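Residue numbers (my numbering), protein chains in the order written: chain A, 1 to 334; chain B, 1001 to 1334. Glycine is no exception: its CB is placed at the ideal position from the N, C-alpha and C atoms. Given the structure is predicted, the values throughout are model-derived calculations rather than measurements. Structure first, commentary second.
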């Protein structure tokens, strides 16, 4: 029921997903509304509907699904994962309400103190995973360490690489550069056994030098939104310039394939959504303006998340890091 | 002597500036090298050369001009301003060394605790001033307040508007949104008497909703570098797409004016450089890859800075804010 184009595009995306991937989808929302959308479907194989009477609106607070709207679709989704009836859930609705439900109802992975929202951005060669992009503000070094571990496993899955290069967002490349938070975090990340490549500058998000960029949710959110707006601005300005004269219009027509190619490269919907890492089970947060393709891809990501047991891998690694810390502090005390 | 294209482009830019604006330029550097570049000039009216034997390299630390290289061009520039022989100086060299020299030799404006580097970025309608973009990390609310005051006066001058809209970079628009720093700063900025329009999100840097965006130097630097890299990435990808087939190449040729228009719109060199606000006298920090046009424009900005007595305006406003604070704390004690 959430998102600018719900329920139409959401249902359409779910139908695309079940036709393309070996996945079962439970559509959660006001049943009669959802069924009406499903009427066009040729087959309802692998589609189920679960009724949820309430809808969390964009104006609602993040706590609505826990208090006033306990029967909202997003809360019911979290319930289904928590009860083991679903492996993961996908939402294009109120972001705060989505992650509050996931965190409170599904619970955190043991040893992880905060969830992180991980966004996939295009870079010059491929893609970069940036996290956290807004689930937390005022992070501490051990939170950033958790983000690094979670980003590592998620990047392994989505990018298909064994040892993703993990960078710490800072200013200046050298270890001593940055603010109080990054200086301390740098020291901590060196001890993780991950493929930590040191500080990443703002430019490294887009130049393809790193696979995972770790930062606190405040800065990640600002960078994400600034990047989105910059992209829209450039595209708007170019469109304006391209339609200013007849030769330019003809040129634009001849080069249409080039613009389409670029658009596809920059298209957020290819990756469908950003996972909320750190919660038990999968939770994929989609852009409010998600279309069917974005939803379909988000379902693919959710499936991969469950199949690859990302949350178990995260837990094992975090437990291991905690144990090693315990050992070294025991040693230090002896 | 500083910058990727020094001294050639620097000297060329200075010659352009004296021919276009009523300004006198003192070129500071190894005299024989500078004179050689000047040999092509038709006239040396309003051009002077001051010898400085040493050169701060990019590898030198920010403290080099204060310690080992006291006769470096950047240090001599700061001396000239400090002695009143120049109103402002322009440098495309080592950024850290530039602002260390300015700060230490020229001194801070009374009442200002930290300098801030202010960058002008294109937005959908016009331009946005973003500060600080890297002179400080770990700022406190009163530092951000100083940045807001300094940004206000600088934006008045460069944008020619009476009451620039000042926004505080945060996540979420409402007062309660953000991290510890922005929440406290929001409260402080409301009391400044500036045209404070509240929180600005990452997107507001580029959508034209605000004229001045205030943030700490860590995040400002990350956003600036990420934006630069994103712009380069898009331009690189588009170039690749445009040359992939003959029709596209023809299209690109027909639409060349459109790309040139966009390029001009995004061109950092139009504003030449970023002022280091908060020091006594002017200091304009240019991009390392500045060409003659960027240097010419930086000199124009330096001239405007001096003519508009920006530093005096900043000092008056800061003194006023401190006095009001003192009054209200006296009142509170009574």
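Neighbours of residue 206 of chain A in chain B, taken as residues at a C-beta separation under 8 Å, are given in chain order as 1226, 1229, 1230, 1232 and 1233.
What residue 222 of chain A touches in chain B, judged by beta-carbon distance under 7 Å, is 1169, 1171, 1202, 1219 and 1223, going in chain order. Shown here for residue 109 of chain A: same chain residues with a beta carbon closer than 8 Å to its own, the five before and five after excluded, namely 278, 279, 280, 311, 314, 315 and 318 in chain order. When the Cα atoms are used, residue 1282 of chain B and residue 1267 of chain B turn out to be separated by approximately 23 Å.
Closest option to residue 21 of chain A, judged by alpha-carbon separation, among A/47, A/9 and A/30: A/47.
Pairing residue 1203 of chain B with residue 326 of chain A, the inter-Cα distance amounts to about 43 Å. A direct Cα-to-Cα measurement between residue 1160 of chain B and residue 252 of chain A gives close to 36 Å. The three-state secondary structure of residue 1163 of chain B, taken from DSSP, is coil. When secondary structure is reduced to three states using DSSP, residue 1283 of chain B falls in the strand class.
Separation of the CB atoms of residue 188 of chain A and residue 151 of chain A is rounded to 15 Å, and the pair is thereby denied contact status at 8 Å.
Of all residues in the region 1135 to 1148 of chain B, only 1137 and 1138 place a beta-carbon less than 9 Å from a beta-carbon of chain A. Within its own chain, the residues whose Cβ lies closer than 8 Å to the Cβ of residue 249 of chain A, once the five positions on either side in sequence are excluded, are 242 and 243, listed in chain order.
Residue 180 of chain A reaches chain B at 1138, counting residues in chain order whose Cβ is nearer than 7 Å. With 16 or more neighbouring CB atoms inside 10 Å of its own CB, residue 255 of chain A falls in the buried class. If you draw a 10 Å sphere on the C-beta of residue 263 of chain A, you find fewer than 16 other C-beta atoms in it, and that means exposed. If one requires a minimum length of 4 residues, the alpha helix (DSSP H) runs lying completely within the region 1011 to 1095 of chain B are 1031 to 1038 and 1073 to 1082, in chain order. Our two residues, residue 1066 of chain B and residue 1135 of chain B, have alpha carbons roughly 17 Å apart in a direct line. Under the DSSP assignment, residue 1200 of chain B falls outside any alpha helix (DSSP H), being part of the beta strand (DSSP E) whose first and last residues are 1196 to 1200. The beta-carbon of residue 1258 of chain B is placed less than 8 Å from the nearest beta-carbon of chain A.
The bridge partners DSSP lists for residue 1120 of chain B are B/1129.
Going by C-alpha positions, residue 1193 of chain B is about 11 Å away from residue 1148 of chain B.
Using a Cβ distance threshold of 8 Å, residue 1133 of chain B and residue 1221 of chain B count as a contacting pair. The beta carbons of residue 1119 of chain B and residue 1274 of chain B sit closer together than 8 Å. Residue 4 of chain A is classed as exposed because its beta carbon has fewer than 16 other beta carbons within 10 Å across all chains shown.
When Cβ pairs closer than 8 Å are counted between the two stretches, the region 8 to 17 of chain A is seen not to touch the region 55 to 74 of chain A, the count staying below three. Residue 294 of chain A and residue 8 of chain A have their C-alpha atoms spaced approximately 13 Å apart. Per DSSP, the unbroken alpha helix (DSSP H) holding residue 236 of chain A starts and ends at 217 to 242. Excluding the 5 residues flanking it on each side, residue 1098 of chain B has same chain C-beta neighbours closer than 8 Å at 1002, 1074, 1091, 1276, 1283 and 1285, in chain order. Close CB contacts of residue 1127 of chain B within its chain, under the 7 Å cut and outside five residues either way in sequence, are with 1120, 1121 and 1159 (chain order). Note that the C-beta distance between residue 1040 of chain B and residue 1093 of chain B is not below 8 Å. Identification of chain B residues near residue 129 of chain A by a Cβ-Cβ cut-off of 7 Å yields none; the smallest Cβ-Cβ distance measures about 15 Å. The C-beta distance from residue 88 of chain A to residue 305 of chain A rounds to 6 Å, short enough to meet the 8 Å contact threshold. Remark: C-beta atoms of residue 1081 of chain B and residue 1028 of chain B do not approach each other more closely than 8 Å. By the rule that beta-carbons nearer than 8 Å mark a contact, residue 236 of chain A touches chain B.
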